[in-house]
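In the numbering used here, the protein residues as written are 4 to 98. Note that CB positions come from ideal geometry on N, CA and C, so glycine has one too. Just so we're clear, the structure is a prediction, and the values are computed from it rather than from any experiment.
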Amino acid sequence: MSALRAAVDRLRGELGDYRAVLADREVAERALASMERMCEERVPDLAVLRDALLLVAAAVGSVRVLSPALGELRATVELLGVERERVPEPRPVTR
């Protein structure tokens, strides 16, 4: 989860530094705050995380200067999905 937190922090910082008017800035900031809260969860809900990523991408995806940070966030979310799919379900203990 530290990689997700780092990616969220990077994009939040770069969004904060981007001073031009951005119509959906609040949408992006709320979605990033939601993603940050998910970092506290041991196993975040991947569907909710992806939805938040889509909101962020829709809000800031056209801003070229934010593209590298957005790409890092997207890659991190994708890696979480791959890691989660690789983890086998625990087997029930039989006695």
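- In this structure, Arg15 is the residue among Arg40, Met41, Arg15 and Cys42 with its C-alpha nearest to the C-alpha of Glu29.
- Val51 has its alpha-carbon roughly 18 Å from the corresponding atom of Gly74.
- Here the C-alpha atom of Pro47 lies approximately 29 Å from the C-alpha atom of Tyr21.
- For Met38, same chain residues with a beta-carbon under 6 Å away, outside a window of 5 residues either side, are Val11 and Ala55 in chain order.
- In this chain, the alpha helix (DSSP H) harbouring Ser37 covers Arg28 to Met41.
- Between Val63 and Leu57, the gap from beta carbon to beta carbon reaches 8 Å or more.
- In the three-state scheme derived from DSSP, where H, G and I count as helix and E and B as strand, Pro71 is classed as helix.
- Taking the C-beta atoms as reference points, Val59 is found no nearer than 8 Å to Ala78.
- Counting along the chain, the unbroken alpha helix (DSSP H) around Ser5 starts and ends at Ser5 to Asp20.
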